[in-house]
Structures are given as structure tokens and as C-alpha cells.
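Undergrad:
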Amino acid sequence: MSLYIGREASKLWKRFWAEVTTEINLLIENWKYLLAGIICQYIHGLAARGVHYFHRPGPVLQDVGFFLLPELGQEKAYISETVFTFVFISFVLWTFHPFILKSKRIYTVLLWCRVLACLVACQILRIVTFYSTQLPGPNYHCREGSKLATLPRPDNAVEVLLIVPRGILYGCGDLIFSSHMIFSLVFVRMYQKYGMQRFIKQCAWLIVVIQSLLIIASRKHYTVDIVVAWYTVNLVVSFIDYKLPELPDRTGGPSLLLPLTKESRTKEENHKLLNGNSGDPVDRRLRTPVNGKILENGNTVHVETMMNGV
1 MSLYIGREAS KLWKRFWAEV TTEINLLIEN WKYLLAGIIC QYIHGLAARG
51 VHYFHRPGPV LQDVGFFLLP ELGQEKAYIS ETVFTFVFIS FVLWTFHPFI
101 LKSKRIYTVL LWCRVLACLV ACQILRIVTF YSTQLPGPNY HCREGSKLAT
151 LPRPDNAVEV LLIVPRGILY GCGDLIFSSH MIFSLVFVRM YQKYGMQRFI
201 KQCAWLIVVI QSLLIIASRK HYTVDIVVAW YTVNLVVSFI DYKLPELPDR
251 TGGPSLLLPL TKESRTKEEN HKLLNGNSGD PVDRRLRTPV NGKILENGNT
301 VHVETMMNGV
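With the UniProt record's numbering, you'll find the sequence shown wraps up at 310, consecutive numbering, no jumps.
(1) Would you decide whether Thr-288 is buried or exposed? Buried here means 16 or more other CB atoms lie within 10 Å of its CB.
(2) Applying the criterion that 16 or more other CB atoms from any shown protein chain within 10 Å of the CB defines a buried residue, is Asn-139 buried or exposed?
(3) In chain order, what residues of the same chain lie with their CB nearer than 7 Å to the CB of Asp-63, ignoring the 5 residues before and after it?
(4) To the nearest angstrom, how far is the alpha carbon of Arg-7 from that of Glu-23?
(5) Rounded to whole angstroms, what's the CA-CA distance from Trp-230 to Leu-12? Just pull it up for me.
(6) Would you mind sorting Asn-174 into buried or exposed? The rule is 16 or more other CB atoms within 10 Å of its CB.
(7) If you check the beta carbons only, do Phe-177 and Val-51 fall under 8 Å apart?
(8) Do Trp-94 and Leu-34 come within 8 Å of each other at the CB atom, strictly closer than that value?
(9) Out of curiosity, what's the CA-to-CA distance linking Glu-81 and Lys-14?
(10) Got a sec? Which residues, its chain only, sit under 6 Å from Ala-121 by beta carbon, not counting five neighbours each side?
(11) With DSSP as the reference, label Arg-166 as helix, strand or coil.
(12) If you drop the 5 nearest sequence neighbours on each side, which residues of the same chain put their C-beta closer than 8 Å to that of Gln-192?
(13) Ile-176 by DSSP, collapsed to three states: which one?
(14) Of the choices Glu-75, Asn-234, Ala-48, whose alpha-carbon is the least far from that of Leu-162?
(15) Taking the alpha-carbon positions, what's the Val-188 to Ala-117 distance?
(16) Between Ala-9 and Glu-29, what straight-line distance do the alpha-carbon atoms span, to the nearest angstrom?
(17) My assumption, with CB atoms under 8 Å, is that Ser-146 sits in contact with Pro-59. Please give the rounded CB distance.
(18) Under a Cβ-count criterion, where at least 16 other Cβ atoms within 10 Å of its own Cβ denotes burial, should Glu-19 be classed as buried or exposed?
(19) Whole angstroms are fine: how far does the CA of Thr-108 sit from the CA of Val-92?
(20) Could you check what DSSP says for Leu-69 in three-state terms: helix, strand or coil?
(21) Mind checking whether Val-233 and Val-186 have CB atoms under 8 Å apart?
(22) Could you tell me which whole alpha helix (DSSP H) segments of length 4 or greater appear in the region 125-164?
(23) Please report the Cβ distance between Phe-207 and Val-87, rounded to the nearest whole angstrom; I am assuming they are in contact, meaning their Cβ atoms lie under 8 Å.
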């Protein structure tokens, strides 16, 4: 029994180390895209803090969602944040599952390059919209009479450039469209395409719908912020999927789609170790008998037959 456990642990460690080596090579090739995406996250946070200086509290606008959904109240506002945190953490953990599980379709580094590309495109559109028109925030701390509804004039540049968690949680003015919905919809769309469990996909879409309703019920956003996020994010993700080369599919051997890295041959060889494949499906596909001949890499090789008269 102990011998079996030791053998399995050794296999798991070898697979983990092979995955780490492959992902490090991909990270070396794509670190600029990841760094640019992370920097854009900071710029987006900086823009959201900046619009808070322009926010002016006022009466809450008439909203059909506020009329249809009962108000949760300040004491239950944490529910929508809890749902979002669950979606965020679950997706991040799933993107690292190739390091442990044997059934896998993605490379973690390449997937995060794609995720960040979608996030950045949506966030640029978001910055343009909420700076175009500042609406009075419906959240409790953004209403008239709240000390957090407006920010005092900054004394220095550090105060503007330094983003603290409190400023993220208690921001005002960055309404159209919802940042929480951007992250959630991008994550769900990515799992819808690259995930393998149909039940989880259905649950993920249901959770995002519930999160949309909870955000409105918590009065964190107007209904228009949620509606615009739904069609904008889906359109942006579809456009980026159309423009960017497809990710290599790891489940069925080497991918025939466009590679994203220069070390495509090395990655194809790593398929055997990372995915447990034995044999080369490419050779079997290219060396196919056709009318007494073998097609090999586009060249015709004649073979002898044992049939008389041929």
C-alpha cells in the first residue's frame, strides 16, 4: 500500500514539476502582456478613485429594478460581495488546476493573458462612460448627508495615486457600468469556453444572474449599470475571441490552431508528459495508407504489395 502511494506521489510530483517548467517558459515569453494587464488594473482603480472627486450626491434616480426588488439594507449589503468573492476565488483556483489535475485543456499563463485582455478592453469602455456623465450614487454612503459621498481636495499627488481598500469599497460616481459584473461575466465566459463540467457552467451562469439581482437589491448600482454590463462584456469577449488566436487545446494531442508562442514544437513534445499521451498522433495521421501508398509529410512513398499482378 505504501509503495502504491509513493508511486502515485512520485507521478504527481513529476507532472507538477513538468507543468511548472512549461508555465515558466510561457511566462518568460508572455510576461509583457501580463504586466501590461496588471498595470491597466491599477489605472482602472485610479480612474475610479478620480471620478469620486467629481461626484456630487443627489436624489436617487427612478429605477425599475429598485421598484421590483426589495431593498436589502446596509446590514445585508455584504451578501452581493460574498457572492462576487466566491466567483472570483473559484475562477482563480480553477485556472491553476492544470498543476495538479490530469484532465486539463488550458495553459494557465495563456488563459490569464486572454482574461486580462478582455478585462482591459471592458474597463477602458467603463472609464469612458462614467467620466462622460456622473450620476448620483444610489449606494448608502454616496447619498446626501453622507461624509463619504464626496472626497476633499487632495493635498498632494501621493494621496491621489495611492489606492487603499477602503477607497475601493466606498467609491462613488463610477456607475456605468458595473465593475463587479465585468469580472464575473469575463470569468464565466472563459469557463464556458474552456471548462469541462457542464453542470458547473450552468451553475456559474445562474450565480451571475443572482449576483446581478443582489447588486441592484443592495442599491450599489442602478439597473442600467447591470444591463449595460451584460451586453457590453459579452460583445467585447466575443470580439476578442474572434480577433485573437485560439488557445492550444491540450486534450486531443497537438493543436492545429494558431500557436501563441515561439516554442510550439517544445510544447507539443511536452503534451506526452503533461497529459499522459503515449505515441504521436501526428505521425499516425500523416502516415496513412492510400491505394497502396503511404503519405508522409506531404510526400508519397511507394510500398511493395503482396498482390500479384499489381
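Idealized CB from N, CA, C, for every residue including glycine.
TA: In brief:
(1) Interpretation of Thr-288 is limited by its pLDDT of 41, a score under 50 that renders its predicted location unreliable; no figure is taken from the coordinates.
(2) Here Asn-139 is buried. Its C-beta has 16 or more other C-beta atoms within 10 Å.
(3) Cβ within range, chain order: Tyr-222, Thr-223.
(4) Whole-angstrom Cα-Cα distance: 24 Å.
(5) If you take the alpha carbons of Trp-230 and Leu-12, they lie about 40 Å apart.
(6) In the sequence as presented, Asn is not what sits at residue 174; that position holds Asp. Buried, since its Cβ has 16 or more Cβ neighbours within 10 Å.
(7) The Cβ atoms of Phe-177 and Val-51 do not sit closer than 8 Å to each other.
(8) No, Cβ-Cβ distance for Leu-34 and Trp-94 is not below 8 Å.
(9) Approximately 39 Å, taken between the alpha carbons.
(10) Apart from sequence neighbours up to five positions away, the residues of its chain that approach Ala-121 with a beta-carbon distance below 6 Å are Val-236, ordered along the chain.
(11) In the structure shown, Arg-166 adopts helical secondary structure according to DSSP, grouped into three states.
(12) Excluding residues within five positions, the ones whose Cβ falls inside 8 Å are Lys-201, Ala-204, Trp-205.
(13) In this structure, DSSP gives Ile-176 a state outside helix and strand, which the three-state scheme calls coil.
(14) Here the closest residue by C-alpha is Ala-48.
(15) So the two alpha carbons sit approximately 15 Å from each other.
(16) Cα atoms of Ala-9 and Glu-29: separation of roughly 30 Å, rounded to the nearest angstrom.
(17) About 14 Å separates the two Cβ atoms, so there is no contact after all.
(18) Buried, since its Cβ has 16 or more Cβ neighbours within 10 Å.
(19) Between Val-92 and Thr-108, the C-alpha separation is close to 10 Å.
(20) Note: Leu-69 maps to coil in three-state DSSP.
(21) Remark: C-beta atoms of Val-233 and Val-186 approach each other more closely than 8 Å.
(22) If we require 4 residues or more, the alpha helix (DSSP H) runs fully inside the region 125-164 come out as 157-161.
(23) It is Ile, not Phe, that sits at residue 207 in the sequence shown. About 6 Å; that satisfies the 8 Å criterion.
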